[in-house]
Amino acid sequence: RAPNGKWWVVSDRTQAPTGAGYALENRTIISSAFPDLFRDLNIQRLSGFFTSMRDSLSHWGRACAQKQSLAHPEIKALSEGEQPLIVILTPGPYNETYHEQSYLAGYLGFPLVQGNDLTVRNGIVWLKTISGLKAVHVILRRLDDDFCDPLELNSSSVLGVAGLTQVARNGQVVIANSLGSNILQSGALLGFLPKLCRRFLNEPLKMPSVATWWCGEPQALETVITNLHNLVIKPAFPQINQHPIFGEDLSPVEREHLVQKLRANPQHYIAQEQVKISQAPAWSSHHKPNINSLAIGLRVYACPTPNGYVIMPGGLARIASGKDERVITMQRGGTSKDTWITSPNTSYHTSLLRRTTSSKDLVRGNTYLSSRMVENLFWFGRYTIRNTHNTRLIRTAIQFFLEFSTEHRPIEWSTLHQLCLWFGLMPETEEATKKSKQVVLNDDDIEHQLIQAVFSSKDSSLQSNIQQFFQLAFNIRERLSSDNWRIINQMSQRFNHGRHTPTLSETLEHLNETSADLVTLSGFTLDGMTRDQGWRFMSIGRRIERLQFLCVLLQNALTMPPESNLDWLLELTDSIVTYRARYSAQPEWLPVLDLLLMDEHNPNAMIFQLKGMVKYLTEVSVNYGNGGYEDIFIERLDSLKALDPDLSLYHGSATLLNWLNETYTKSVELSDLLSLRFFSYSGKASTEQF
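Each position in the sequence shown, counted from 1, maps to that position plus 11 in my numbering.
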């Protein structure tokens, strides 16, 4: 914005315009923090813009679906109230704007997919789901077009979909923004826009651009070289990765070098007038005074609809936070602000494309779960339980270590230590094994190992498992509520303790807080998630992980001395309260094993896991074809019920040890079978799947 209040355009974004999701998230946060202010000032809502975007994409998607049914009679046309399949194509979780993409996908209700979630067959783009291939009608692209199709565009790309260009060319899928639209964000066009607007629209630009020269014109090149000290040199095309060069910063030698580059390849560069960037007040807790004047730029958004363009009543205000305030970019650490557009009256949005919906159009299931999403949910469930068990295990070991002195440490300690070794939480090198035999003599070593079990960077430490859990949560971001994500983010940040090495007491505090967070997340999965197929696979993952932990735990416990105290075993399995409520006595092997193995009312018991597995696997077989996965665990369940407590539930029982070993092996086999069947889908697009 110029000193006279007039706005000028610096650049356009038509490739994969990012930032709308950030603007929406900013608005959600700020409106929650200042609800009275928003009401009193009548700030225009952003939801109408996103409703228009969704309705517009749905309109074009229905038109595409009609084309598909005409070109492929075996594909059924959409019913009156049926929604087209609209997906958001992302480069993946390692992209710097992935958070925005997942947030936008969750808000709009569109599946967030990567290139390998899609496939082209018979001239149609299909989404690979656990129930077969589903025809895609609209792709909201957040992937640069050069990477969208390795067959016709960048052959080295592993992010796109082979054959996508030809499908779009045939009109069998709508891509927004369309492939090739990035040419419009070339700065080389800015200098020609005034004449183009006069020529085609017979009117001036409604918002002028900053004075821009394309160096590919000989006359413009000489003007640029003559006035280089007042200009900013930028790449003419977005594919050229180069930071802006300010003429005023150049030494005579640097200036001459730049002139040579301009003359060698003038078509690759543009020059813009160096303007003074707008200023806005910004709060910072790191500087004095706390309120400072910082450079600001505004990114605004427009969406095409059947009735014309709709403009977002706001935008993403970006703040320069780097040393050079002449450049505003998120990639250099810039921050953002919410942008308010006031209205004299309270505004209400009406959808541009209202449709009549009847009872036959109601949807009570998610039919567009991609195989990758289901796999992430499966492992999200497994890592939730894995981290819960590891947290309890290390916490119990630390409590033993702190409570008992070296000479009075109970015999159960060696089993706890062995479990930590088995789960990879503590080192098992030859040197560490020698030291573990001397652990009662060297507490410094074991204390260090216990702290490292939590904070070490090795793959099997609790910190690494939490990081894996965080990555899985990030991959399913659109399936998580803001409250759930806040807990996950809080838990991940807790382990970023910097260079400070926590003490054992601080480590114990970390574990208590982490355990509470994991219990909260488990409550969310049990009470807050819709019971769709994704939830079912997540629940299977949870049951597998708990079953495997019980197998390993009990196998180790059964080899302890028979006089061992079993309180720690009940603590680890979160069954101590139940046991004490039923038996007002010291824990003994028979009632403890019965509670942990055969009590159907104990959610942490083995039989509870097996019954849940049979139920969920049966539902999977019914919905996706009989795979017989449940038969394995029906046999395991029957064999467990057949055990005679008096003859099998005792310390050192060979029958029970064999049963636990075989059950563990079967659970590993099941995990592999599910991965092959559902997480690497490559089935044919058959008529039945149509």
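For each residue, glycine too, the CB sits at the ideal point set by N, CA and C.
Query, Result
"Pick from V98, Q112, W224, G120 that is closest to L129, judged by C-alpha positions", "V98"
"Helix, strand or coil at D349 [DSSP, three-state]", "strand"
"Other residues of its chain near R24: CB distance less than 6 Å, five sequence neighbours each side excluded", "Q196"
"Proximity of I256 and I244 at Cβ, strictly below 7 Å", "yes"
"Beta-carbon contacts of D157 that lie in its chain and below 6 Å, excluding the five residues immediately before and after", "L164, N165"
"Exposure of F689, with buried meaning 16 or more beta-carbon neighbours within 10 Å", "buried"
"DSSP state of A653 mapped onto helix, strand, coil", "coil"
"Beta carbon of T525 nearer than 7 Å to that of T402", "yes"
"Entirely enclosed alpha helix (DSSP H) segments - the segment 44-121, minimum 4 residues", "46-52, 58-82, 109-119"
"Inter-residue Cα distance where the pair is H521 and D470", "19 Å"
"Paired residues, beta bridge with T223 - DSSP", "Q283"
"Beta-carbon proximity check, T108 vs T29, cutoff 7 Å", "yes"
"Segment contact flag, the segment 50-67 with the segment 313-323, C-beta cutoff 8 Å, min 3 pairs", "yes"
"N241 (DSSP reduced to helix, strand or coil)", "helix"
"heavy atom of the ligand HEM below 6 Å from F248 C-beta", "Here there are no bound small molecules, and the ligand HEM is not part of this structure."
"Where E139 falls: helix, strand or coil (DSSP)", "With the sequence shown as reference, residue 139 is identified as Lys, and Glu is not the correct amino acid for it. Reduced to three states, the DSSP call for K139 is strand."
"Sequence-distant residues of the same chain with beta carbon closer than 6 Å to Y114, five excluded per side", "G32, E36"
"Counterpart residues of V321 in DSSP-defined beta bridges", "C314"
"Inter-stretch contact at 8 Å, needing at least 3 Cβ pairs: the segment 187-204 / the segment 129-148", "no"
"Which listed residue (W433, I457, L432, L388) has its alpha carbon closest to that of S416", "I457"
"Delimiting residues of the beta strand (DSSP E) encompassing R420", "Per DSSP, R420 belongs to no beta strand (DSSP E) and is neither H nor E."
"Beta-carbon gap between L175 and L154 smaller than 7 Å", "no"
"CB-CB length for Y280 against C208, believed under 8 Å", "Going by Cβ atoms, the distance from Y280 to C208 rounds to 24 Å, so no, they are not a contact pair."
"DSSP state of T444 mapped onto helix, strand, coil", "At T444 the pLDDT is 49, less than 50, meaning the model places this residue with poor confidence; the figure from the coordinates comes in the next sentence. Residue state, collapsed to three classes: helix."
"Paired residues, beta bridge with A293 - DSSP", "N303"
"Helix, strand or coil at I288 according to DSSP, with G and I counted as helix", "coil"
"Those residues which DSSP pairs with R329 across a bridge", "G308, S347"
"Contacts around I488, its chain only, beta-carbon distance under 6 Å, and the 5 residues preceding and following it disregarded", "The sequence as given places Arg at residue 488; Ile does not occur at that position. Counting only Cβ-Cβ distances below 6 Å, and skipping sequence neighbours, we find S113."
"Segment contact flag, the segment 390-401 with the segment 546-559, C-beta cutoff 8 Å, min 3 pairs", "yes"
"C-alpha gap between G534 and N495, whole angstroms", "10 Å"
"7 Å Cβ shell around Q79 - same chain, five flanking residues per side excluded", "I86, I135, A146, Q183"
"Residue span of the beta strand (DSSP E) that contains A187, given as start and end", "185-187"
"Selected residue, minimal CA-CA separation from H428, among A665, E228, H400, L461", "L461"
"Option nearest V221 by Cα separation, candidates G198, L606, S516", "G198"
"Beta-carbon proximity list for R406, same chain, < 6 Å, skipping 5 on both sides", "L522"
"Of the listed residues A596, P656, K622, nearest to R647 (C-alpha basis)", "K622"
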